[in-house]
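J.:
In the working numbering, the protein residues as written are 19 to 289.
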């Protein structure tokens, strides 16, 4: 690896990095606490568009994490920001839940099924055949197709569930139109997160547990990438990919002592 400037901003995935199977990863609350105490810019990222930052804040607080809502960045927020930049004050037909609809409303979007600018597909616990049919017809009439994230499946206590990527494939098969995916591994997710905290990729790190989303996204956005082994990926899995993370650690607990106070990080950069 080439020499890099000291890490002055951190992005981290949530599930598999901070939380695993509904429980905090050992050392993860302390890692977040260290980031806050050091005054270092950071964001917790998730491709899940179901929940609002307030929902996720409440969940993480119950698990012992101390972080504000503003430190959570979802694919729904990234999608809303992207659409607001592309077509301010636009309209959308939305398949999704509160995390997505709330973000789009806050971005100035109107929800409608009458000649919308976009069809926006996100995660939901109950995909409606009627809603999917409406989406297909609107796309055939010219609505642009956006999807919050490409994940084909999501976890549940009973096993895998079809997720936004699978439903997007169904709509694509019916319309011949591919969606634009905003969430990971699109590097736009990383760039929008960096813009939110005013950080630059050359001084930022992305921590994740997946090679095909977290590491790939961070790599393409120019970040230092750190793979943790507390989620999906193993060292054996890593060898199957044509790209590698900058580093592999057992968990975020191994990174606590590497978080430098903001002032020290800035001094090291200018030295």
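C-beta: ideal position from N, C-alpha, C; glycine also. Bear in mind that the values here come from a model prediction, so they are computed numbers and not experimental data.
Quick test of your reading: residue 60 and residue 27, contact by CB under 8 Å. State the CB separation rounded to the nearest angstrom.
T.: Beta-carbon to beta-carbon, residue 60 and residue 27 are separated by about 7 Å, close enough to satisfy the 8 Å threshold.
J.: So residue 241 and residue 206 are in contact, right, with Cβ under 8 Å, and what is the actual spacing, rounded?
T.: Not confirmed; about 13 Å, so no contact.
J.: Is it the case that the Cβ atoms of residue 119 and residue 158 are separated by a distance below 8 Å?
T.: no
J.: Going residue by residue through the region 64-108, where are the continuous alpha helix (DSSP H) segments of at least 4 residues, counting only ones entirely within it?
T.: 71-80, 93-104
J.: With distances taken Cα to Cα, identify the nearest neighbour of residue 238 among 108, 104, 202.
T.: Measuring from the Cα of residue 238, the nearest candidate turns out to be 202.
J.: Where in the region 105-135 do unbroken runs of the beta strand (DSSP E), each at least 3 residues long, occur, reported from the N-terminal end onward?
T.: 109-113
J.: Does the beta-carbon distance from residue 101 to residue 154 come in below 8 Å?
T.: no
J.: Could you check which residue in 182, 70, 160, 235 has the C-alpha nearest to that of residue 144?
T.: Comparing Cα positions, the closest option is 182.
J.: Counting only the same chain and skipping the five closest in sequence on each side, list residues whose C-beta sits under 8 Å from that of residue 222.
T.: 25, 26, 27, 28, 29, 212, 241, 242
J.: Using CA atoms only, rank isn't needed, just tell me which of 117, 123, 95 is closest to residue 6.
T.: Here the chain comprises residues numbered 19 to 289, so residue 6 is not present and cannot be evaluated.
J.: If we ignore side chains and look at the alpha-carbon of each, how far apart do residue 78 and residue 254 end up?
T.: 30 Å
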